[in-house]
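Down below is the structure, laid out as structure tokens.
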Amino acid sequence: MRAATAGGRYFRCGDRGEGATPRPVAAADRRPPSTTERDLSEAVKYGGSARAPSQRCQRVEGGDSRMASFRLTGLEARKVFARMLSSGAGGSDAAVEAFDPAKRLCKLIISCRQASGLEIELDHSDLRVTPDVAERVLERLDNAGMLAYRFFEWARKQRRGGCAHTVRSFHTVVASLAKIRQYQLMWDVVAIMRRQGVVNVETFGIIMRKYARAQKVDEAVYTFNVMEKYGVVPNLAAFNSLLCALCKSKNVRKAQEIFEQMNGRFSPDAKTYSILLEGWGRAPNLPKMREVYSEMLDAGCQPDIVTYGIMVDSLCKTGRVEEAVFVVQDMSSRGCQPTTFIYSVLVHTYGVEMRIEDAVATFLDMQKDGIVPDVVVYNALVTAFCKVKKFDNAFRVMDDMEGHGITPNSRTWNIILNKMISLGKDEEAYRVFRRMIKRCQPDSDTYTMMIKMFCENDRLEMALKVWKYMRLKQFLPSMHTFSVLINGLCDKGEVSQACVLLEDMIEKGIRPPGSTFGKLRQLLLKEGRKDVLEFLVDKMKILIQEPLFD
1 MRAATAGGRY
11 FRCGDRGEGA
21 TPRPVAAADR
31 RPPSTTERDL
41 SEAVKYGGSA
51 RAPSQRCQRV
61 EGGDSRMASF
71 RLTGLEARKV
81 FARMLSSGAG
91 GSDAAVEAFD
101 PAKRLCKLII
111 SCRQASGLEI
121 ELDHSDLRVT
131 PDVAERVLER
141 LDNAGMLAYR
151 FFEWARKQRR
161 GGCAHTVRSF
171 HTVVASLAKI
181 RQYQLMWDVV
191 AIMRRQGVVN
201 VETFGIIMRK
211 YARAQKVDEA
221 VYTFNVMEKY
231 GVVPNLAAFN
241 SLLCALCKSK
251 NVRKAQEIFE
261 QMNGRFSPDA
271 KTYSILLEGW
281 GRAPNLPKMR
291 EVYSEMLDAG
301 CQPDIVTYGI
311 MVDSLCKTGR
321 VEEAVFVVQD
331 MSSRGCQPTT
341 FIYSVLVHTY
351 GVEMRIEDAV
361 ATFLDMQKDG
371 IVPDVVVYNA
381 LVTAFCKVKK
391 FDNAFRVMDD
401 MEGHGITPNS
411 RTWNIILNKM
421 ISLGKDEEAY
431 RVFRRMIKRC
441 QPDSDTYTMM
451 IKMFCENDRL
461 EMALKVWKYM
471 RLKQFLPSMH
481 TFSVLINGLC
491 DKGEVSQACV
501 LLEDMIEKGI
511 RPPGSTFGKL
521 RQLLLKEGRK
531 DVLEFLVDKM
541 KILIQEPLFD
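For the sequence shown, the residue numbers in UniProt numbering are 1 to 550.
Set out below in structure tokens:
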């Protein structure tokens, strides 16, 4: 039926069999290498030799000459700008960076090897930080809580009155510190917000989410109860935030218990019930979900588009896609049009079940109903084709996206990369990665996948090549990215390089997982390098116990 229509658009003759040949991407490699590809090749030479773990970051007396080069007159600046634009590879990016204080600050912060010397480097940069610039810098540093905090404090206290941080900047720092479990510093920032009169319900919502994600349920509840001490009256929005934090961290039973305890204090709305529905759906506990749904109707709360979306998602995740389709039909009959999210869930579920023709037909039905697909729906369709190894079709979907003015994002490319890597198609994955970096900025998942792939295939030199390219692009590695490469170095016996990387990780305020630190510890003890181990342990203690300024 609908599959016949679907076939003409995303299928071609011979494509319906298992394991269709991937669309060749090597053709692009026959063209002269792009700027980005040259960057990736040149990155092998980037960074120089490894330094000893105990080496300190030193500053040349009189200030950092790299930053001094930016102190230009207007005429000199225009000349530099012209040279950058005419210099070819990377010129426009370099020109933007030279005149963008946020990018200049990020480069300085990320490249500083010793966090304790960051404030001095920033002082000598002679850069004036506005609230907008600070906000952009902090957003880019969200993976490095201590670096973000140091910059935040420096900007707040800098000469000429300091920077009046925006509420968004405060929230970014609160989230960054909570992510690395620096809770005392996090509350110190909240205290500053209270003094400035900018603390609000959203502030506590962020903290509750972070505590719940770390499975600190009591602390999440405490945060809700302490709001009034900070001058913020708990309202229904705050109550919903607490329930949502608990449900998303798989503590739905606790959320239900709190809901029943506080039911008289707050009048639940559709959002309150939807949060509980999602929690029980994820459990999964469909009987309890249906019970909450009935209670919702009895309370006079009519389901909205969010409620229907949660029901469809929960049913699909428990393998009840036909029942989910019935819910979609029911909501349509009630005049509630399905959203792109609902269609993306259906398309994704059909893909997981390898019902590729149903996935395509659902996508086309959505368009026929006048709903414009977004990147999430397209990504679901890409996932469906990758699930059945039809990479050629997945690339056709990406072409269709661009034809409709929708740019594939890092998630789109990661879906394809992840599947290729899982199938052992390493060379194809690397070619796709090279194609990706010409059209889209890789994210943390991209870099982690590629580095892990090369490490697991004993191609450490390629893993380091990707790492150095990532650093050349001033992308701050996440805890997972650091850990994958450190583990890979340990597996190959490259203990010194692993130590350098671990120190760099700690200096950036990122706490290594116990398994990663434990593996390196065993190797150092085996080699009799207790002095290096003690040095790294001391670094860890400073990060965990005393994360304040030196």
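Beta carbons are placed, not taken as given, at the ideal position from N, Cα and C, and that holds for glycine.
Remember, it's a predicted structure, so these values are computed and weren't measured experimentally.
Worksheet entry | Straight-line gap, lysine 179 to aspartate 443 (C-alpha atoms, nearest Å) | About 18 Å.
Discussion item. Using C-beta distances below 7 Å, list every residue in its chain close to serine 483, excluding the 5 sequence neighbours before and after it, in chain order.
Written reply: For serine 483, where only same-chain residues beyond five positions count, the Cβ hits under 7 Å are Pro512, Pro513, Thr516.
Worksheet item: At what residues does the alpha helix (DSSP H) containing glutamate 202 begin and finish?
Response: That run of the alpha helix (DSSP H) goes 201-213.
Practice prompt. Could you pull out every residue in the same chain whose Cβ sits closer than 7 Å to the Cβ of leucine 127, ignoring the five residues on either side in sequence?
Written response: Leaving aside the five residues that flank leucine 127 on each side, the residues in its chain whose CB is nearer than 7 Å to its CB run, in chain order, Pro101, Arg104, Leu105.
Discussion item. Can you find the residues in the same chain that come closer than 6 Å, C-beta to C-beta, to glutamate 219, ignoring five residues on each side of it along the sequence?
Written reply: Result list for glutamate 219: Tyr211, in chain order.
Worksheet item: Are the region 226-234 and the region 186-203 in contact at 8 Å, needing three or more beta carbon pairs?
Response: Flag = yes, the region 226-234 and the region 186-203 touch.
Discussion item. Please classify lysine 387 as buried or exposed, where buried requires at least 16 other C-beta atoms within 10 Å of its C-beta.
Written reply: By the Cβ neighbour-count rule, lysine 387 is buried, with 16 or more other Cβ atoms within 10 Å of its own.
Fill in: Pair within 7 Å by beta-carbon distance, leucine 489 and glutamine 497
Contact check for leucine 489 against glutamine 497 passes: the beta carbons are separated by less than 7 Å.
Discussion item. If distances are taken between C-alpha atoms only, which option among Phe170, Ala270, Ala299, Lys216 comes closest to glycine 309?
Written reply: Closest in C-alpha terms to glycine 309, from the list Phe170, Ala270, Ala299, Lys216, comes Ala270.
Item to complete: Since I believe alanine 144 is in contact with cysteine 163 (beta carbons under 8 Å), could you give me their beta-carbon distance rounded to a whole number of angstroms?
Response: Their Cβ separation, rounded to whole angstroms, is 19 Å, which puts cysteine 163 and alanine 144 out of contact at 8 Å.
Discussion item. Report the start-end ranges of each alpha helix (DSSP H) in the UniProt repeat "PPR" (235-265) that is 4 residues or longer and not cut off at the edges.
Written reply: If we require 4 residues or more, the alpha helix (DSSP H) runs fully inside the UniProt repeat "PPR" (235-265) come out as 236-248, 252-261.
Worksheet item: Whole-angstrom Cβ separation of serine 344 and valine 377, contact assumed at under 8 Å?
Response: So it is a contact: roughly 4 Å between Cβ atoms.
Worksheet item: For leucine 502, which residues from the same chain have a beta carbon less than 7 Å from its beta carbon, with the 5 sequence-adjacent residues on both sides left out?
Response: Excluding the 5 residues flanking it on each side, leucine 502 has same chain C-beta neighbours closer than 7 Å at Ile486, Pro512, Leu520, Leu536, in chain order.
Worksheet entry | Option in Met366, Asp374, Asp358, Asp369 with minimal Cα separation from alanine 384 | Checking every option, the nearest Cα to that of alanine 384 belongs to Asp358.
Worksheet item: Residues in its own chain within less than 6 Å of threonine 246 by CB, not counting five upstream and five downstream?
Response: As written in the sequence, residue 246 is leucine, which differs from the threonine given in the question. Listed in chain order, the non-local C-beta contacts of leucine 246 below 6 Å within the same chain comprise Ala212, Lys254, Ala255, local neighbours out to five positions each way being set aside.
Worksheet item: Of the choices Met296, Ile437, Thr340, whose alpha-carbon is the least far from that of valine 375?
Response: Distance from the Cα of valine 375 is smallest, within the candidate group Met296, Ile437, Thr340, for Thr340.
Discussion item. Quick check on the burial criterion: 16 or more other C-beta atoms within 10 angstroms. Buried or exposed for arginine 290?
Written reply: Answer is exposed; the Cβ neighbour count stays below 16.
Discussion item. Please classify glycine 370 as buried or exposed, where buried requires at least 16 neighbouring CB atoms within 10 angstroms.
Written reply: With fewer than 16 other beta carbons inside 10 angstroms of its own, glycine 370 counts as exposed.
Practice prompt. Round the Cβ separation of glycine 205 and alanine 175 to the nearest angstrom and send it over; I've been treating them as touching at under 8 Å.
Written response: The pair is not a contact, with the Cβ atoms about 11 Å apart (cut-off 8 Å).
Discussion item. Using a Cβ-Cβ cutoff of less than 6 Å, which residues in the same chain neighbour residue 587 once the five nearest sequence positions on both sides are dropped?
Written reply: Residue 587 falls outside the range modelled here, since the chain spans only 1 to 550, and no answer is possible.
Worksheet item: Three-state secondary structure (DSSP) at glutamate 402?
Response: Judged by DSSP in its simplified three-state form, glutamate 402 adopts helix.
Worksheet entry | Minimum C-alpha distance to aspartate 392 - residue among Arg411, Met420, Lys368 | Residue Met420 holds the alpha-carbon nearest to the alpha-carbon of aspartate 392 among Arg411, Met420, Lys368.
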